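In terms of this note's numbering, the sequence shown opens at residue 4 and continues consecutively. Note that beta-carbon positions come from the ideal geometry of N, C-alpha and C, so glycine has one too. The structure displayed is predicted, hence computed values, not measured ones.
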Amino acid sequence: MRKLDQVRMGIIGCGRIADLNIQGYLDHPKCELVAVCDINEALAKKRMQE
């Protein structure tokens, strides 16, 4: 099994707990946040801009 240089993450659901998850992913040097998804499109767009 090979080591991955970077992990690409997506968030499903942009509720309150997503704030903590997103910050954790952004703080990790080998993680790239590439997508967010929520039934509330405006909230998903807001989270992507943060």
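According to the DSSP secondary-structure assignment, I15 is paired through a beta bridge with C40. At a Cβ-Cβ threshold of 8 Å, C17 and A47 count as neighbours.
Around the beta carbon of R50, a 10 Å sphere encloses 16 or more other beta carbons of the protein chains shown; the residue is thus reported as buried.
Residue pairing by DSSP places E53 opposite no residue, since no beta bridge is assigned to it. Between N24 and the set D41, G13 and Q52, the nearest pair of CA atoms involves G13.
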